[in-house]
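A.B. asks:
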Amino acid sequence: MKDIQLFIDKTYDFIKPEAIASYKTNAEACNHLLHTGEGKGNDFLGWLDLPSSITEEHLTDIENTAKTLRDNCEVVVVIGIGGSYLGAKAVIEALSNSFDWLQTERKSPVIVYAGQNIGEDYLYELQEMLKGKRFGIISISKSGTTTEPALAFRLLKTQLEEQQGKSDAQKLIVCITDKSRGALRTLSTQEGYKTFVIEDNVGGRFSVLSPVGLLPIATAGLDIRQLVSGAVRMEQQCADTVPFEENIAAQYAATRNELYRNGKKIEILVNYQPKLHYVSEWWKQLYGESEGKEHKGIFPASVDFTTDLHSMGQWIQDGERTIFETVISVKEPNHKVLFPNNDANLDGLNFLAGKRVDEVNKMAELGTMLAHVDGGVPNLKIELPQLNEYYLGELLYFFEKACGISGYILGVNPFDQPGVEAYKKNMFALLEKPGYEEATKAIKERLK
Ligand code: PA5
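In terms of the working numbering, the sequence shown opens at residue 63 and continues consecutively.
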């Protein structure tokens, strides 16, 4: 079986092979540092061997819990924010039929999300949609105290209990949280909910291969064993015993740091399959929260092509030259559609008749890559042989490992997120949360 591959465009002088090669010692040392646990943030390295340490018993427990939800629910609401929902959503959207939610004869419950925003209309519409439906809840919060998911859980727990009775609701709520701390743990114990643990040493954005990602993914009817197998494979391929030249995580980490040092401050993750939109959202959190600190770090952005070629394409081709692109390319689509012939040929496209739609998409991909390179935008490409659980497992672990190495090369702690606290402090001060009296006074003074 082939693996995902990394291609680095060397047609221009942007990425000099000798410059990348000069990272060998540093990148290997950074990879090693992750494994010895002697680097920054070393209390959050549980994700490193998460794939290979998952036991048969644990997988079966997740699958059985997913089956209960699948057998009893038309809709399952996954409650969580940031790392507590993006990994699951990335995999579910990438591997589910794009129009599945419209189908009446369904094999799996519709998966919807809550707690990832505080939009009043969103919550209202969600509650309206759930009226009269058999639904379940997977509530995910490592801290168990995050405002957005706590609010959504309050609302939906009450609705579920009112609609189906407390005893049924108790069977249809699963919580994923800290093993002993936090409000969600306390509530789960009180109510007798089924729970899974997010280990202390696994941070939110590195938790997709824990129950945080695996339970919603299994509930959507996807094969978590294949996902984990792909991740195990990548864990081996990117281990610190694998030399720099053969280690795609180290190569990617080195290349992006080299580009950053040469003024490329923004990395745009590109896809040509709209199903990968949320993989980009997951990736943006992973890299943004891991590297954006100490006034350093590449800004992670994303586009969906060819859609965004008709909007952001202009900026990418001709705007400020501070960007580079990393393209996720899927070699073989899962389905076949041929470009149709049309007798009138008014659009002049009959020259494409009989070709696979993917051939047109691939030529758009290649043509765009060449145009952007000509326009001064370095390009990297990550190729997936196919879009399935196994290769997504490889991709997720590849990005996680590369992120750890890249953060260490950059010199930051990739596993903390002190910056996300600032908005919370202001929000609580403005909302006059008990305990925030001083901050409330100060913020009111400032806003006078
Ligand atoms: O990566 C992270 O640590 C964050 O995105 C968290 O996952 C997010 O803030 C949600 O936190 P919690 O799971 O504690 O509710």
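For each residue, glycine too, the CB sits at the ideal point set by N, CA and C.
Is it the case that the CB of G145 approaches a heavy atom of the ligand PA5 more closely than 6 Å?
C.D. replies: Because some heavy atom of the ligand PA5 lies under 6 Å away, the Cβ of G145 counts as near it: yes.
A.B. asks: Tell me whether R295 is buried or exposed, calling it buried when 16 or more other Cβ atoms sit within 10 Å of its Cβ.
C.D. replies: Flag for R295 reads buried.
A.B. asks: Could you have a look at K241 and say whether DSSP puts it in helix, strand or coil?
C.D. replies: In the structure shown, K241 sits in coil (DSSP, three-state: anything other than H, G, I, E or B).
A.B. asks: Going by C-alpha distance, which of F306, Q335, Y334, G350 is nearest K327?
C.D. replies: When each option's Cα is compared against that of K327, the closest is G350.
A.B. asks: Does at least one heavy atom of the ligand PA5 sit under 6 Å from the Cβ of G265?
C.D. replies: Correct: G265 has its Cβ closer than 6 Å to the ligand PA5.
A.B. asks: Suppose the cutoff is 7 Å on Cβ atoms and the five residues either side in sequence are ignored; what does the same chain contact list for K169 look like?
C.D. replies: Answer for K169: G283, listed in chain order.
A.B. asks: How long is the line joining the alpha carbons of Q232 and F401, rounded to whole angstroms?
C.D. replies: Rounded to the nearest angstrom, the two C-alpha atoms are 51 Å apart.
A.B. asks: Considering only the alpha carbon of each residue, which of Q479, W163, I66, E119 lies closest to L348?
C.D. replies: It is Q479.
A.B. asks: With Q67 as the anchor, note down where its beta strand (DSSP E) starts and where it stops.
C.D. replies: 67 to 70 is the extent of the beta strand (DSSP E) around Q67.
A.B. asks: Sorry if obvious, but does the Cβ on S468 come closer than 6 Å to a heavy atom of the ligand PA5?
C.D. replies: Every heavy atom of the ligand PA5 is 6 Å or more from the Cβ of S468, so no.
A.B. asks: Hey, out of I200, A128, S272, whose CA is closest to L112's CA?
C.D. replies: Out of I200, A128, S272, S272 has the C-alpha closest to the C-alpha of L112.
A.B. asks: Which first and last residues belong to the beta strand (DSSP E) in which R175 is found?
C.D. replies: Before going on, a small fix: residue 175 reads as Tyr here, not Arg. Start and end: 172 to 176.
A.B. asks: Is K398 near the ligand PA5, in the sense that its beta carbon is under 6 Å from a heavy atom of that ligand?
C.D. replies: Checking the Cβ of K398 against the ligand PA5 gives no.
A.B. asks: Touch check for the stretch 126 to 140 and the stretch 92 to 105: three-plus C-beta pairs under 8 Å?
C.D. replies: No, the stretch 126 to 140 does not touch the stretch 92 to 105.
A.B. asks: With hydrogens ignored, establish whether the beta-carbon of S205 is closer than 6 Å to any heavy atom of the ligand PA5.
C.D. replies: Yes; taking the cut-off as 6 Å, the Cβ of S205 has a heavy atom of the ligand PA5 nearer than that.
A.B. asks: Hey, quick one: how far does the alpha helix (DSSP H) through L510 stretch, first residue to last?
C.D. replies: Reading the sequence as shown, one finds Lys at residue 510 and not Leu. Looking at the DSSP string, K510 is not in any alpha helix (DSSP H), and its letter there is neither H nor E.
A.B. asks: Select from P336, M191, A433 the residue whose C-alpha is nearest the C-alpha of S158.
C.D. replies: Per the Cα distances, P336.
A.B. asks: For H94, which residues from the same chain have a beta carbon less than 8 Å from its beta carbon, with the 5 sequence-adjacent residues on both sides left out?
C.D. replies: Same-chain partners within the cutoff: D302.
A.B. asks: Could you give the distance in angstroms between the alpha-carbon of G198 and the alpha-carbon of I279?
C.D. replies: Going by the C-alpha atoms only, they are around 14 Å apart.
A.B. asks: Whose C-alpha, out of G325, E494, Q379, is nearest the C-alpha of G429?
C.D. replies: Cα-wise, what sits closest to G429 is Q379.
A.B. asks: If you follow the beta strand (DSSP E) that I180 is in, where does it begin and where does it stop?
C.D. replies: It is not in any beta strand (DSSP E) - I180 carries neither H nor E in the DSSP assignment.
A.B. asks: Reducing DSSP to helix, strand and coil, say where Q448 ends up.
C.D. replies: Three-state DSSP puts Q448 in a strand.
A.B. asks: Tell me whether G145 sits in a helix, a strand or coil according to DSSP, three-state version.
C.D. replies: Three-state DSSP puts G145 in a helix.
A.B. asks: From what residue to what residue does the alpha helix (DSSP H) around D230 run?
C.D. replies: Per DSSP, D230 belongs to the alpha helix (DSSP H) from 228 to 233.
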